[in-house]
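K.L.:
There are 2 protein chains.
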Amino acid sequence: MGATKTDHFTDKHNAIATLAKALGHPARVAIIDYLLSVDTCICGDIVNKLPLAQPTVSQHLKELKNAGLIKGNIEGNAICYCIDEKAIVRLQTYFSGISGKLEKKKTDCC
Amino acid sequence: MGATKTDHFTDKHNAIATLAKALGHPARVAIIDYLLSVDTCICGDIVNKLPLAQPTVSQHLKELKNAGLIKGNIEGNAICYCIDEKAIVRLQTYFSGISGKLEKKKTDCC
DNA sequence: ACTTAATATTGCAATATTACGATAAATATA
DNA sequence: TATATTTATCGTAATATTGCAATATTAAGT
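Note that the protein sequences, when read in sequence, are chains A and B. If you use our numbering, the first sequence corresponds to residues 5 to 114, in order. If you use our numbering, the second sequence corresponds to residues 5 to 114, in order.
Structure representation (structure tokens):
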């Protein structure tokens, strides 16, 4: 089939999966990394930093935006993309939550 | 084409993407959640907790294992799966790193 | 209005993922 | 050894993703 059965899972699980999926491609991780490294947000040169054609980069940016990881503003004939801190914090909280629970368990049977 | 150009990205970006991709499906997030909630690691009943058939669950477990998020041991005719703490810590560190850098920047132009 | 520059969209081919029925493999128990 | 139980694998259909050339859109400058 190929279609994920999102209906059958909790909102929380779907939300984490959506964010994680958006970062499930090295190009998109690289984009986040790049956005983090630049001070100015005129980000047209992301294309130059990646080994991908412009339409492909544009598509990756769209996916990051749809997932809520980045936000963008039109800025003349350039676009300003920024990381959306809320999404990062959500992921950070999620993983530190798991980490904390694992510490408490300490039944490392495997 | 459909094939990710992993060759062209850094190992760090590929590593994060691999972990994130593994969590890019609600069923796999749910599996992690479940593994976290049980004390005993006899995990055959993951199938009962998910709205998916047994082969599908088995496949998701395999992907989580390949990505390094869980590890498993054969335990009689049951399998014991556990979360691999190292992977969680790696993700936690990654996201808190981003969060920290964002705090320092504070050039939220979008 | 015309041109230039930057980004987005469309269309399409190649590949990957998701899901499951059928079946196999492995192990425990009778 | 035969049977039940549990997990894995195979085969296959449906859908999604990735990547890019061609084209469209948008806004700035001339």
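Virtual Cβ for every residue (Gly too), placed ideally from N, Cα, C. In this text, all values refer to a predicted model and were calculated from it rather than measured experimentally.
Anyone know if the C-beta pair for residue 98 of chain B and residue 36 of chain B falls short of 8 angstroms?
P.N.:
No, these two residues do not count as a Cβ contact at 8 angstroms.
K.L.:
Under 8 angstroms Cβ to Cβ from residue 53 of chain A, same chain only, skipping five residues before and after it: list those, please.
P.N.:
So the list reads 34, 38, once near-sequence residues are dropped.
K.L.:
State the start and end residues of the unbroken beta strand (DSSP E) segment that holds residue 82 of chain A.
P.N.:
82–87 is the span of the beta strand (DSSP E), which, as asked, contains residue 82 of chain A.
K.L.:
Specify, as a first and last residue, the run of the alpha helix (DSSP H) that residue 23 of chain B falls within.
P.N.:
Here the alpha helix (DSSP H) through residue 23 of chain B covers 15–26.
K.L.:
Excluding the 5 residues flanking residue 56 of chain B on each side, which residues of the same chain have their C-beta closer than 8 angstroms to its C-beta?
P.N.:
So the list reads 31, 64, once near-sequence residues are dropped.
K.L.:
Residues of chain A with a CB under 9 angstroms from the CB of residue 67 of chain B: which are they?
P.N.:
Going along chain A, no residue has its Cβ under 9 angstroms from residue 67 of chain B, so there is no contact; the nearest lies around 11 angstroms.
K.L.:
What's the call for residue 25 of chain A, buried or exposed, on a 16-neighbour Cβ count within 10 Å?
P.N.:
Per the 10 Å Cβ criterion, buried.
K.L.:
Quick one: what's got a C-beta closer than 8 angstroms to residue 17 of chain A's C-beta in the same chain, skipping five residues either side?
P.N.:
If we look at residue 17 of chain A and ignore the five residues flanking it on each side, it has no Cβ neighbours.
K.L.:
Output yes if chain A places a C-beta closer than 8 angstroms to the C-beta of residue 3 of chain B; else output no.
P.N.:
Residue 3 of chain B lies beyond the stretch modelled for chain B, which goes from 5 to 114, so this question has no answer here.
K.L.:
Under 8 angstroms between beta-carbons, which chain A residues line up against residue 92 of chain B? List them in chain order, please.
P.N.:
In chain order: 99, 102, 103, 106.
K.L.:
With 7 angstroms as the limit, tell me which residues of the stretch 14–29 of chain A have their beta carbon closer than that to any beta carbon of chain B; keep them in chain order.
P.N.:
Those residues of the stretch 14–29 of chain A that come within reach of chain B (Cβ to Cβ, closer than 7 angstroms) are 17, 18, 20, 21, 24, 25, 27, 28, 29.
K.L.:
May I ask which residues mark the beginning and end of the alpha helix (DSSP H) holding residue 12 of chain A?
P.N.:
That residue, residue 12 of chain A, is in no alpha helix (DSSP H); it is neither H nor E in DSSP.
K.L.:
Does chain B have any CB closer than 8 angstroms to the CB of residue 9 of chain A?
P.N.:
Judged by the 8 angstroms Cβ criterion, residue 9 of chain A is in contact with chain B.
K.L.:
Starting from residue 64 of chain B, trace the alpha helix (DSSP H) in both directions and tell me its first and last residue.
P.N.:
Taken as a continuous stretch (DSSP letters only), the alpha helix (DSSP H) holding residue 64 of chain B covers 58–71.
K.L.:
Output the distance between the C-alpha atoms of residue 75 of chain B and residue 107 of chain B, rounded to the nearest integer angstrom.
P.N.:
Distance between the alpha carbons of residue 75 of chain B and residue 107 of chain B is about 35 angstroms.
K.L.:
If I measure Cβ to Cβ from residue 85 of chain A and keep anything under 7 angstroms in the same chain, skipping five residues before and after, which residues do I get?
P.N.:
Only 39, 45, 47, 65, 74, 76 meet the Cβ criterion.
K.L.:
CB residue 29 of chain B to CB residue 14 of chain A, shorter than 8 angstroms?
P.N.:
Cβ atoms of residue 29 of chain B and residue 14 of chain A: not closer than 8 angstroms.
K.L.:
Kindly indicate the opening and closing residues of the alpha helix (DSSP H) around residue 40 of chain A.
P.N.:
That run of the alpha helix (DSSP H) goes 30–41.
K.L.:
What does the Cβ neighbour count give for residue 82 of chain B, buried or exposed, with the cut at 16 atoms within 10 Å?
P.N.:
Exposed.
K.L.:
Counting only beta-carbon atoms, is residue 51 of chain A nearer than 8 angstroms to chain B?
P.N.:
False, the Cβ-Cβ gap to chain B never drops below 8 angstroms.
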